[in-house]
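Residues 2 to 271 (my numbering) make up the sequence shown, in order.
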Amino acid sequence: MIRLVNFGAVAIALFLGAAIDQRSGAAQTPASGGPVNTALIEDLVAANRILAEEGVLDSYGHVSIRHPTNPNRYLISRTLAPGLVSADDIMEFDLDSNPVDPRGRGLALERFIHGEIYKARPDVNAVIHSHSPAAIPFGITQVPMKPVFGAASFLWVGVPVFEVRDVGGPATTMLIRNGSLGKALAATLGEKPVALLRGHGDVVVGPNVQSAVRRAIYTEVNARLQAIAIGIGGPINYISEEEGAARDKMAGGEAEARAWELWKRKAMGK
């Protein structure tokens, strides 16, 4: 009889402990920021497809947008090749990059890039991380990336280079796998629209996903053109600070909408 009572007490204790653990786990799951307009989800999907179509994203890389009604949440695809992303793949995260409703889906390993940039930059509503191929040489040499044509004039403010070894030590995987690395990358980006990751790719931000996509595409194009200009030799007549600042004032608007319409139609087939 005593053994039965003891087993019963143990069973009760285990049951209560499990219940406490479940409540604790539930408390750690962030609440949703609320419903999101399907048009915004469609644009996020389109951004992934556009950047894959334009050769900026390959099998890897990711695009996110800040939640439209809760600035402490963001939306990004589950881990998936960008060219395959659909609306059903979009997930919601808090700024510590915890999923709201994981449902067993794989999470983007470098999602901390997005959460930490959103924490540091309230002006940013879209973040792109890519392995933009032409940009990589400018992160591993002493030649700074500078704007060589008007569409990339936003680069006039400078393009910093993030060195992950300065934060993670000499034997990192080069991936932004946690919040501390993401925070350090956000600090390197500062107030600029683009930062390079040494031997890895770049991160591009914008006030909306259309602007961020445009910047990501023209960062890649600019890198190609700048490399060609360097190869030709002689002094290079870069876009000046004055020209860049003047063009910043006319950013967005009809020109951006026209490019977005073309890219989206090509990528989505409509």
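C-beta atoms are modelled at their ideal positions from N, C-alpha and C, and glycine is treated no differently. Since the model is a prediction, treat every value here as computed from it, not as a measurement.
What is the DSSP secondary structure of residue i, counted as helix, strand or coil?
{"i": "VAL158", "result": "helix"}
{"i": "ILE77", "result": "strand"}
{"i": "HIS63", "result": "strand"}
{"i": "VAL86", "result": "coil"}
{"i": "ARG259", "result": "helix"}
{"i": "VAL144", "result": "coil"}
{"i": "SER33", "result": "coil"}
To the nearest angstrom, report how far apart residue i and residue j are at their CA atoms.
{"i": "ARG79", "j": "TRP157", "result": "34 Å"}
{"i": "PRO168", "j": "LEU176", "result": "The residue you asked about is not Pro; residue 168 is Val in the sequence shown. Cα to Cα, the separation comes out at about 12 Å."}
{"i": "GLY254", "j": "GLY84", "result": "27 Å"}
{"i": "MET269", "j": "GLU262", "result": "10 Å"}
{"i": "PRO100", "j": "PRO236", "result": "50 Å"}
{"i": "PRO171", "j": "ALA47", "result": "37 Å"}
{"i": "SER25", "j": "SER33", "result": "Model confidence at SER25 stands at a pLDDT of 36, short of 50, so the residue's coordinates are unreliable; what they give is reported in the following sentence. Going from the Cα of SER25 to the Cα of SER33 covers about 17 Å."}
{"i": "VAL54", "j": "ARG225", "result": "One point to set straight first is that residue 54 is Glu, not Val, in the sequence displayed. Distance between the alpha carbons of GLU54 and ARG225: 17 Å."}
Could you pull out every residue in the same chain whose Cβ sits closer than 7 Å to the Cβ of residue i, ignoring the five residues on either side in sequence?
{"i": "LEU41", "result": "ILE66 and PRO69"}
{"i": "LYS154", "result": "The question names Lys, but residue 154 in the sequence shown is Ser. Here the set comprises PRO148, ILE240, GLU244, GLY245 and ARG248."}
{"i": "ASN71", "result": "GLY34 and GLY35"}
Is it true that the CB of residue j sits closer than 8 Å to the CB of residue i?
{"i": "ARG122", "j": "VAL206", "result": "yes"}
{"i": "HIS132", "j": "TYR75", "result": "no"}
{"i": "ASP95", "j": "GLY180", "result": "no"}
{"i": "ALA152", "j": "ALA228", "result": "no"}
{"i": "ALA230", "j": "VAL57", "result": "no"}
{"i": "HIS63", "j": "ILE51", "result": "no"}
{"i": "ASP90", "j": "LEU81", "result": "yes"}
{"i": "GLY202", "j": "ILE137", "result": "yes"}
Who are the near neighbours of residue i in its chain, counting only those whose CB is closer than 6 Å to its CB and skipping five residues on each side?
{"i": "PRO161", "result": "THR189 and ALA196"}
{"i": "ASP44", "result": "VAL210"}
{"i": "ALA28", "result": "Because the pLDDT of ALA28 is 43, which lies under 50, any placement of that residue in the model is unreliable, and the number read from its coordinates should be weighed accordingly. Answer for ALA28: no residue qualifies."}
Just checking my contact of residue i with residue j at CB under 8 Å: how many whole Å lie between their CB atoms?
{"i": "GLU117", "j": "LEU198", "result": "Contact doesn't hold; Cβ gap of about 13 Å is too wide."}
{"i": "ALA213", "j": "VAL86", "result": "About 15 Å separates the two Cβ atoms, so there is no contact after all."}
Near residue i, which residues of its chain fall below 8 Å by C-beta distance, leaving aside the five closest residues on each side in sequence?
{"i": "ARG266", "result": "none"}
{"i": "ALA258", "result": "GLN211"}
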